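Asks: With positions in the sequence shown counted from 1, the corresponding number in our numbering is that position plus 37.
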Amino acid sequence: MKIVIAGGTGFVGKVLSRLLQENGHEIIILTRNKTVQEKDIQYVQWLQQGARPEQLLDTVDAFVNLAGISLNNGRWTKKQKKAIYTSRMDATLEIVRIMEHLSAKPKVLINASAVGIYPTSSTATYTEDSMDYATDFLGTTVQDWERQAKRAEKLGVRVALARFGVILGRDQGALPSMLLPYKMHIGGTIGSGEQWLSWVHVEDVARAIYFAITNENIKGPFNITAPHAVRMKDFGKTIAMIMGRSHWMPVPSIAMRLALGEQSVLVLEGQHVLPAVLEKQHFTFHFPHLKEALYDLH
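And the structure:
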């Protein structure tokens, strides 16, 4: 297949590109830089004045949209929140525009999303059937993001919305900053410790996206979270055990709020999210349990 990836040089995009190449697919990455052809990947310029990527994207089988400024990329000031929001809307609308100009439409669009669409709760459990949506900044951003992606359905394109949990990777994502206090022997429970952490190994994220590309039964939202979420206190204790460090120094909620402001919601509150759609379609996680994921990554 010929697969176009927006955000292909990012954290998830790099892992996905490697997986697709290993399986013999042709990869095109949308980039703000000039259009170039490298050994195995074609880079096509987009989101720049005068760029017409659609002229180089004929007979494409699938689009994967991972584009958008990271939620962890700085304090959530008014300016930063606007950048987080507009980066997602602009990229998604441009992908739909590109598709409109293609004579042969792709079969599928896999559009990134997030479990932040669900309200934070220490008691509720959410699947893709849950219609209770968060109304805070992250929740409304994700709802608008999905709404823009679904515009591609009018073109006859299957749209699958990949609601990511907290993605764990060796060098990027949330894990390095979570490991740091334990490396410094000051690790401990963050906030109450009762908040849920719906995590997932980055390799399983890439595999789930590939699975959704090839599985026509996956349409609409699908959660990409490991099947066994954990409470934050248990996440910390598991890190401590694997690293041979103490889990002793609690980080009060007020300290996190002072340090991170509104962004502190990412670590002080959470959701218990299950990957019901993937499990119904018999997707197999390589890392269903936290302990084996952390052993692989730390």
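Beta carbons: idealized from backbone N, C-alpha and C, even for Gly. None of the values given here were measured: they were computed from a predicted structure.
So which of 253, 320 and 228 has the shortest CA-CA distance to residue 304?
Replies: 228
Asks: Would you grab the beta carbon distance between residue 26 and residue 171 for me? Rounded to a whole angstrom, and I think it's under 8 Å.
Replies: Here the chain comprises residues numbered 38 to 335, so residue 26 is not present and cannot be evaluated.
Asks: Would residue 145 and residue 249 be called neighbours here (beta carbons separated by less than 9 Å)?
Replies: yes
Asks: Can at least three beta-carbon pairs, one atom from the segment 225–242 and one from the segment 255–265, be found at a separation below 8 Å?
Replies: yes
Asks: Please classify residue 224 as buried or exposed, where buried requires at least 16 other C-beta atoms within 10 Å of its C-beta.
Replies: buried
Asks: Determine, using beta carbons only, whether residue 99 and residue 40 come nearer to each other than 9 Å.
Replies: yes
Asks: Start and end of the alpha helix (DSSP H) containing residue 207?
Replies: Where residue 207 is concerned, there is no enclosing alpha helix (DSSP H), given that its DSSP letter is neither H nor E.
Asks: If we call anything under 9 Å between Cβ atoms a contact, is residue 256 one with residue 188?
Replies: no
Asks: Candidates 268, 265, 315 and 208: which alpha carbon is nearest residue 251's?
Replies: 315
Asks: Label residue 75 either buried or exposed according to how many other C-beta atoms from any shown protein chain fall within 10 Å of its C-beta, with 16 as the threshold for buried.
Replies: exposed
Asks: Using the rule of at least 16 other Cβ atoms within 10 Å of the residue's Cβ for burial, across every protein chain shown, is residue 61 buried or exposed?
Replies: exposed
Asks: Using a Cβ-Cβ cutoff of less than 7 Å, which residues in the same chain neighbour residue 90 once the five nearest sequence positions on both sides are dropped?
Replies: 67, 81, 82, 83 and 135
Asks: Please classify residue 218: is it buried, with 16 or more other beta-carbons within 10 angstroms of its beta-carbon, or exposed?
Replies: buried
Asks: I want to see whether chain C comes within less than 9 Å of residue 279, judged by CB atoms only; does it?
Replies: Considering every chain present, this structure includes no chain C. It has just one protein chain.
Asks: If you follow the beta strand (DSSP E) that residue 150 is part of, which residue opens it and which one closes it?
Replies: 145–151
Asks: Note the first and the last residue of the continuous beta strand (DSSP E) segment covering residue 236.
Replies: 236–238
Asks: Leaving out five residues before and five after residue 164 in sequence, what residues of the same chain have Cβ atoms less than 6 Å from its Cβ?
Replies: The beta carbon of residue 164 sits closer than 6 Å to those of 311 and 313, all from its chain and outside the five residues before and after it, given in chain order.
Asks: If we require 4 or more residues per run, which alpha helix (DSSP H) segments fall completely within the segment 213–300?
Replies: 239–251, 269–280 and 290–297
Asks: Pull up the distance between the alpha-carbon of residue 73 and that of residue 79, whole angstroms please.
Replies: 6 Å
Asks: Let me know the secondary structure DSSP gives residue 128 once reduced to three states.
Replies: Here residue 128 sits in helix by DSSP.
Asks: Should residue 119 and residue 299 be called a contact, given that it needs their Cβ atoms to be closer than 9 Å?
Replies: Against a cut-off of 9 Å, the Cβ pair of residue 299 and residue 119 comes out as no contact.
Asks: Going by the CB atoms, is the gap between residue 105 and residue 124 shorter than 9 Å?
Replies: For the pair residue 124 and residue 105, the CB atoms are nearer than the 9 Å cut-off.
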